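Peer 1: Each residue of the sequence shown is one higher than the last, beginning at 737 in the numbering used here. Built from N, CA and C at the ideal position, the CB exists for glycine as well. On a predicted model such as this, the values are computed, not experimentally measured, just so you know.
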Amino acid sequence: WVNRPNLDFRGFAGTVSSGSVKRGDLVRISPGSRTSRIARIVTSEGDIDTAIADQSVTLTLTDEIDVARGDLLSPPDAPPGLSDQFEVTLVWMSEQPMLPGRSYWLKIGTRTVSATVTDLKYAVNVNTLEHIAAKTLDLNGIGICNVAVAQPIPFDAYTDNRETGGFILIDRLTNATVGAGMILF
Numbered sequence: 737w738v739n740r741p742n743l744d745f746r747g748f749a750g751t752v753s754s755g756s757v758k759r760g761d762l763v764r765i766s767p768g769s770r771t772s773r774i775a776r777i778v779t780s781e782g783d784i785d786t787a788i789a790d791q792s793v794t795l796t797l798t799d800e801i802d803v804a805r806g807d808l809l810s811p812p813d814a815p816p817g818l819s820d821q822f823e824v825t826l827v828w829m830s831e832q833p834m835l836p837g838r839s840y841w842l843k844i845g846t847r848t849v850s851a852t853v854t855d856l857k858y859a860v861n862v863n864t865l866e867h868i869a870a871k872t873l874d875l876n877g878i879g880i881c882n883v884a885v886a887q888p889i890p891f892d893a894y895t896d897n898r899e900t901g902g903f904i905l906i907d908r909l910t911n912a913t914v915g916a917g918m919i920l921f
């Protein structure tokens, strides 16, 4: 969230999803390759020098850089991936089957983008972990799928960071959550 209570303050509120951030750290804003330094780390208790994973903070930068909701700040030498196509593990949570080619909303962190399951590679038998040929996923079905989104989004593989590698799929008509997934790559 962009926090601008007055003309003298412009901060970016969010949660540190992994690692830590210190005042003076150089950060990269993704998507893109803009960089800036952390000027302040503001909390409800006042300014602090260092913030750690799971801590909610507002960061101010030394430069007037455009940062939007859903952008990720990272160390310049360890940026997140950026893609418009992913291989994912998908758990289907709707009584209506998952249909490849149908348009959904994909919500990852605070970013929501239009998405399509382009291909169901196979379903997974939860009892034996056997790969099963399938064209759709039914309620509580698990499958390995390809997903395409309307614009490149920053991400990490779920095994590297659950916060930036996990997502939900939302039905565009009902706004119901229909699936949850983990980005493999």
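Ordered along the chain, which non-local residues of its own chain (more than five positions away) have a Cβ less than 7 Å from that of Pro-836?
Peer 2: Closer than 7 Å at the Cβ level, and outside the excluded window around Pro-836, lie Val-853, Thr-854, Asp-855 and Leu-856.
Peer 1: Where are the beta strand (DSSP E) runs, 3 residues long or more, that stay fully inside the stretch 796 to 834, in chain order?
Peer 2: You should have 808 to 810 and 817 to 828.
Peer 1: Using the Cα positions of Phe-822 and Ala-804, report the straight-line distance between them to the nearest angstrom.
Peer 2: Rounded to the nearest angstrom, the two C-alpha atoms are 22 Å apart.
Peer 1: Check for me: the alpha helix (DSSP H) holding Gly-837 runs from which residue to which?
Peer 2: Taken as a continuous stretch (DSSP letters only), Gly-837 belongs to no alpha helix (DSSP H), as it is neither H nor E.
Peer 1: Please go through the same chain and pick out, in chain order, the residues whose beta-carbon is closer than 6 Å to the beta-carbon of Gln-832, but skip the five residues on each side of it.
Peer 2: Excluding sequence neighbours, Gln-832 sits near nothing in its chain.
Peer 1: For a minimum of 3 consecutive residues, which ranges assigned as the beta strand (DSSP E) are wholly contained in the stretch 764 to 798?
Peer 2: Correct list: 770 to 779, 782 to 784, 786 to 788 and 792 to 797.
Peer 1: Which residue from Asp-907, Lys-758, Ile-788 and Asp-785 puts its Cα closest to that of Ser-850?
Peer 2: Comparing Cα-Cα distances from Ser-850 to each of Asp-907, Lys-758, Ile-788 and Asp-785, the minimum goes to Asp-907.
Peer 1: Alpha carbon to alpha carbon, how far is Ala-775 from Asp-785? Give it in angstroms, no decimals.
Peer 2: Cα-Cα distance, rounded: 10 Å.
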